[in-house]
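Data first, discussion second: the structure below is written as structure tokens.
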Amino acid sequence: MFALALFGSVLESIVGWRNFLIVFFSAGFFSGIVSVFFYSSVVGASGAIFGVLGVLGMIRPKMAVWAMGVSMPMVAAIVLWTAIDLVGTFYPDQTAHFGHLSGIAFGLIAGLVLRKKYKIVKKKDEGKGLTKEELDEWEEKYMNKR
1221 MFALALFGSV LESIVGWRNF LIVFFSAGFF SGIVSVFFYS SVVGASGAIF GVLGVLGMIR
1281 PKMAVWAMGV SMPMVAAIVL WTAIDLVGTF YPDQTAHFGH LSGIAFGLIA GLVLRKKYKI
1341 VKKKDEGKGL TKEELDEWEE KYMNKR
């Protein structure tokens, strides 16, 4: 639930509460359907949380996160968590690895859809300022109108 509070609040602040809830519940539903084919019973929201991680990774891939005690970009953390779940599928335990994997797959696909709308676009010449010619032109146009 800590991951939901942390990453969910970040995603919700970017896409808004409606889109966040659509992503969260859709990822949970999708991962639940996939999990039915691999497990006799599944409890929890981990597939939905992994869906949130997937969307956030597509929208903010360079966002710094802590994973396994190391600071790394969000996209690297997603690769790490996916690899852990892939390995986990070969060593059965009480973790719904296929639920996690299907949740993150859903999130990555949903993130591709939402990416264009919510991705931060940096201006090419941000912070460059005006050239002398541009400043002179502006001054002539706006300051010398009497």
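The sequence shown begins at 1221 in the numbering used here and counts up one residue at a time.
All residues carry an ideal CB built from backbone N, CA and C; glycine is no exception.
A quick note: this is a predicted structure, and the numbers were derived from the prediction, not measured.
- When DSSP states are grouped into helix, strand and coil, M1292 belongs to the strand group.
- For A1287, the secondary structure class from DSSP, reduced to helix, strand or coil, is strand.
- Contact check for A1296 against A1268 fails: the beta carbons are separated by 7 Å or more.
- Residue state for M1221 is assigned as coil, using DSSP reduced to three classes.
- G1264: not part of any alpha helix (DSSP H); DSSP gives it neither H nor E.
- By the CB criterion at 7 Å, V1275 and G1327 fall inside the cutoff.
- In the displayed model, F1310 falls within coil according to three-state DSSP, outside both helix and strand.
- A direct Cα-to-Cα measurement between S1229 and G1277 gives close to 14 Å.
- Note that the C-beta distance between H1320 and F1270 is below 7 Å.
- Here the C-alpha atom of M1292 lies approximately 31 Å from the C-alpha atom of I1253.
- The C-beta distance from S1322 to S1261 rounds to 16 Å, too long to fall under 8 Å, and the pair is not in contact.
- By the C-beta density criterion, D1305 is buried, having at least 16 other C-beta atoms within 10 angstroms.
- Taking 7 Å as the cut-off, the Cβ atoms of V1235 and Y1311 do not count as close.
- Secondary structure at F1257: coil, using DSSP grouped into helix, strand and coil.
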